[in-house]
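What follows is a single structure, written as structure tokens, with notes after it.
Protein chains: 2
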Amino acid sequence: VTQNPNLVTLDAIHAAAARIAPYVSETPIVPLTPTGIGLKAESLHPIGAFKIRGAFNALLGLGEDERRRGVVAHSSGNHAQAVAYAAKKLGIQCTIVMPDNSSRVKLEATRYWGADVRLVKAAMRASTCERLARERDLVIIEPFNSLAIMAGTGTIGLEILKQCPDARFVTAPVSGGGLIGGLSAAIAQSNPVIQVIGVEPELANDAQRSFRAGRLVALSPDETGRTIADGLRVPQLGELPFANIKVFVRDIVTVTEDEIRQAMRRITAEARLIAEPSGAVALAGALKLGLEREKTVAILSGGNVEAGLYASIIGA
Amino acid sequence: VTQNPNLVTLDAIHAAAARIAPYVSETPIVPLTPTGIGLKAESLHPIGAFKIRGAFNALLGLGEDERRRGVVAHSSGNHAQAVAYAAKKLGIQCTIVMPDNSSRVKLEATRYWGADVRLVKAAMRASTCERLARERDLVIIEPFNSLAIMAGTGTIGLEILKQCPDARFVTAPVSGGGLIGGLSAAIAQSNPVIQVIGVEPELANDAQRSFRAGRLVALSPDETGRTIADGLRVPQLGELPFANIKVFVRDIVTVTEDEIRQAMRRITAEARLIAEPSGAVALAGALKLGLEREKTVAILSGGNVEAGLYASIIGA
Chain A
538 VTQNPNLVTL
548 DAIHAAAARI
558 APYVSETPIV
568 PLTPTGIGLK
578 AESLHPIGAF
588 KIRGAFNALL
598 GLGEDERRRG
608 VVAHSSGNHA
618 QAVAYAAKKL
628 GIQCTIVMPD
638 NSSRVKLEAT
648 RYWGADVRLV
658 KAAMRASTCE
668 RLARERDLVI
678 IEPFNSLAIM
688 AGTGTIGLEI
698 LKQCPDARFV
708 TAPVSGGGLI
718 GGLSAAIAQS
728 NPVIQVIGVE
738 PELANDAQRS
748 FRAGRLVALS
758 PDETGRTIAD
768 GLRVPQLGEL
778 PFANIKVFVR
788 DIVTVTEDEI
798 RQAMRRITAE
808 ARLIAEPSGA
818 VALAGALKLG
828 LEREKTVAIL
838 SGGNVEAGLY
848 ASIIGA
Chain B
538 VTQNPNLVTL
548 DAIHAAAARI
558 APYVSETPIV
568 PLTPTGIGLK
578 AESLHPIGAF
588 KIRGAFNALL
598 GLGEDERRRG
608 VVAHSSGNHA
618 QAVAYAAKKL
628 GIQCTIVMPD
638 NSSRVKLEAT
648 RYWGADVRLV
658 KAAMRASTCE
668 RLARERDLVI
678 IEPFNSLAIM
688 AGTGTIGLEI
698 LKQCPDARFV
708 TAPVSGGGLI
718 GGLSAAIAQS
728 NPVIQVIGVE
738 PELANDAQRS
748 FRAGRLVALS
758 PDETGRTIAD
768 GLRVPQLGEL
778 PFANIKVFVR
788 DIVTVTEDEI
798 RQAMRRITAE
808 ARLIAEPSGA
818 VALAGALKLG
828 LEREKTVAIL
838 SGGNVEAGLY
848 ASIIGA
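As structure tokens, then:
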């Protein structure tokens, strides 16, 4: 029995799986033909990203009173869409604070799902979210620094254990750590033979630095903003994800921008799936580690990419 | 009990489902958010197309002696890859005759799976296949005019009935008719409330003409060669598929080249899937018929498209 209250328990992950099942479909593991790597296609959710799992688990965990008050979140992208979508399905009022440099497709999708979107300067997103929560008595839905979110993302791990029980490696992108925190907790506590490895852009390697230093290391938003992987620009891991990463993750490696683009091209040609740049990072890491012939699952975390950018990368 | 020996029986389709199950994974139905349309993602098979179903069912139905002799097929694309892939997995010698104007990705993939590829002028493909079969005692694997192939494609219908039992419409592309022949036989004989509708490019509408005339009508390869949908250029339905289409299909409609390109863009943006032009035709038809708000499944038949062509379409 785990004593550290910051760790995500298997019980919490199994409870999340049961709770979100009516709303979230299992995603397939699609072979990257002809390698031994499978892509866990989280891009195939209705909002095109894994964030739907944590959002539903968090919203379904609210009490009646909290649901009536409504929710608020800040996000540049997939968390925004996920909370908006889940709130709409559950009939909860939803406000989303988005930085004014958010990707257009993510902004439009968030509006589509009926959220009250507030555009602010990037530096103001957290403070605006807190102010709105205070003034309007809204419940803040954290993007990653939350046990409820990580229990939700942990359900990806349960599905992998069922779909590909003989996996040897699982690679996942790292941003705030909500994805890999829950995922690694699910896998390491169920089958410690499987190694969970985090992957970051070289240009936004705060998690790798933190992992190696054993304490949280932050980059500046100007630094992390350099990577094409717009979903991985969070400049520092959350404390709760970091607690889980330290215990359950084997290592964190980095990839170059060119390796990210090349992984996007291979996902297109060899799996007929669409990855946003952040969504291709886990495959880029698996390829860099030479895992093509190993039984490996790379998390394709999302597929929300502007058509023009995507076309320019795959047509290159 | 069906008396017409040209019709695909439900028994044959259920037998095919059991036979191919160890080799062919179920494909998901991915929502085209935010419409009511789901895409049956046949692009997610290891060879990127539905043809894997018929190929495995045909090869698994061969006797020991036939397996030892080896197989030959002619195809410009997805059938070639499918037969090559299935033969490799089953340890059967495989020769594929391909027209010298075949798509490069399909040619390379067919070679990758170990087939002995013979490139010939397009007009010579059938005769070369027959000559090789005669000279080298090979078993010909028909691309569509075969009950074994249609029983294999019928398994798509069984999966739809299970995954989306409240579907009202199913749309599918029509080329030689092997896909829609088996699919419609499975669905119409299980739940006749569901309407199966074929979709063709306007520029290759031989099946629509045949359907309306009640007899086979052929176009010339020069005519059907005009469409971007390279998988749908077969100039005439097979006789066996036509027999099933006449009984089990509700109607056949056509779409323009622009509508095909637009459907490819929507599949990219709203479902994060990749469709080759032929693979987007069924969605184009569903959209043209105004089925966005109906419970509809459109068959995304394949995702094998040259990166440059795909980029030029989705970036437009």
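Protein chains in written order, with my numbering: chain A, 538 to 853; chain B, 538 to 853. Yeah, the Cβ is synthetic: ideal placement off N, Cα and C, and Gly gets one too. The structure displayed is predicted, hence computed values, not measured ones.
For the segment 607 to 618 of chain A against the segment 666 to 682 of chain A, are there 3 or more C-beta pairs whose distance is under 8 Å?
yes
I want to verify the contact list: residues of chain A whose CB lies under 8 Å from the CB of glycine 840(B), in sequence order.
Arg809
Within 8 Å, strictly: CB atoms of methionine 801(B) and isoleucine 836(B)
Taking 8 Å as the Cβ cut-off, methionine 801(B) and isoleucine 836(B) do not qualify as a contacting pair.
Give, in chain order, every residue of the segment 615 to 639 of chain B whose Cβ lies closer than 8 Å to some Cβ of chain A.
Taking 8 Å as the Cβ-Cβ cut-off, the segment 615 to 639 of chain B has no residue approaching chain A.
Can you list the residues of chain B that alanine 848(A) reaches, using a CB-CB cut of under 7 Å?
Ala848, Ile851 and Gly852
For glycine 845(A), count the other beta carbons within 10 Å of its own beta carbon; 16 or more makes it buried, fewer makes it exposed. Which is it?
exposed
Nearest to arginine 604(B) by alpha carbon, out of Gln630(B), Ala592(B) and Phe593(B)?
Closest in alpha carbon position to arginine 604(B), among Gln630(B), Ala592(B) and Phe593(B), is Gln630(B).
Using a beta-carbon distance below 8 Å, is arginine 802(A) in contact with chain B?
yes
Taking C-beta pairs closer than 7 Å, name the residues in chain A that glycine 585(B) reaches, listed in chain order.
Arg809
As an exercise, report each continuous beta strand (DSSP E) stretch of at least 3 residues that is fully enclosed by the segment 730 to 757 of chain B, in chain order.
732 to 738
Which residue comes first and which comes last in the alpha helix (DSSP H) that contains aspartate 548(B)?
547 to 557
Could you check whether valine 818(A) and phenylalanine 785(A) sit closer than 8 Å to each other, using their CB atoms as the reference points?
no
Closest by CA to alanine 651(A), which one among Thr632(A), Asn638(A), Gly585(A) and Ala592(A)?
According to the sequence shown, residue 651(A) is glycine rather than alanine. Out of Thr632(A), Asn638(A), Gly585(A) and Ala592(A), Thr632(A) has the C-alpha closest to the C-alpha of glycine 651(A).
Looking at the strands, I want to know which residues DSSP matches up with valine 657(A).
Pro636(A)
Do we get a CB-CB distance below 8 Å when we pair valine 567(A) with the residues of chain B?
yes
Run through chain B and tell me which residues come within less than 8 Å of glycine 845(A), C-beta to C-beta.
Gly852
Identify the continuous beta strand (DSSP E) that holds leucine 675(A) and give its terminal residues.
Leucine 675(A) -> no beta strand (DSSP E), and no H or E assigned at all.
Taking its Cβ as the centre, do 16 or more other Cβ atoms sit within 10 Å of lysine 588(A), making it buried, or is it exposed?
Flag for lysine 588(A) reads buried.
Counted within 10 angstroms of its Cβ, other Cβ atoms place aspartate 674(B) as buried (16 or more) or exposed:
exposed
Whether leucine 644(B) touches leucine 777(B) by CB criterion (8 Å):
no
Report the neighbours of leucine 581(B) on chain A: residues whose CB is nearer than 7 Å to its CB, in chain order.
Pro565, Val567 and Arg809
For lysine 658(A) and asparagine 638(A), the rounded distance between their alpha carbons:
8 Å
Beta-carbon contacts of lysine 626(B) that lie in its chain and below 7 Å, excluding the five residues immediately before and after:
Tyr560
From leucine 596(B) to glycine 762(A), what distance separates their C-alpha atoms?
If you draw a straight line from the Cα of leucine 596(B) to the Cα of glycine 762(A), it is about 53 Å long.
Going by C-alpha distance, which of Arg641(A), Gly598(A) and Ala592(A) is nearest glycine 623(A)?
First, the amino acid is wrong: residue 623(A) is alanine here, not glycine. Closest option to alanine 623(A), Cα to Cα, is Ala592(A).
Just checking, does the segment 560 to 572 of chain B make contact with the segment 708 to 718 of chain B on the three C-beta pairs under 8 Å criterion?
No contact exists between the segment 560 to 572 of chain B and the segment 708 to 718 of chain B.
Is it right to say serine 757(A) is buried, meaning 16 or more other beta carbons lie within 10 angstroms of its own, or is it exposed?
exposed
Could you work out which residue in His551(B), Ile693(B) and Gly715(B) is closest to asparagine 682(B) when comparing CA atoms only?
Gly715(B)
Output the boundary residues of the beta strand (DSSP E) element that contains threonine 572(A).
Premise fails: threonine 572(A) is in no beta strand (DSSP E) and is neither H nor E.
Which chain A residues are close to tyrosine 649(B), counting only those with a beta carbon under 8 Å from its beta carbon?
Pro571
Could you have a look at cysteine 701(A) and say whether DSSP puts it in helix, strand or coil?
coil
Under a CB-based cut-off of 8 Å, is alanine 780(A) close to chain B?
No, alanine 780(A) lies away from the interface with chain B (no Cβ there is under 8 Å from its Cβ).
Assuming isoleucine 724(A) and leucine 698(A) form a contact by the criterion Cβ under 8 Å, report the distance between their Cβ atoms to the nearest whole angstrom.
7 Å
Which listed residue (Pro680(B), Ser721(B), Pro565(B) and Asn594(B)) has its alpha carbon closest to that of leucine 527(B)
Any property of residue 527(B) remains undetermined from this structure, which presents chain B solely from 538 to 853.
Just to make sure I have the definition right: I need the residues of chain B whose C-beta is within less than 9 Å of the C-beta of alanine 750(A). Which are they?
For alanine 750(A), no chain B residue has a Cβ inside 9 Å of its Cβ, as the nearest lies near 36 Å away.
Cβ of isoleucine 804(B) within 8 Å of Cβ of valine 842(B)?
no
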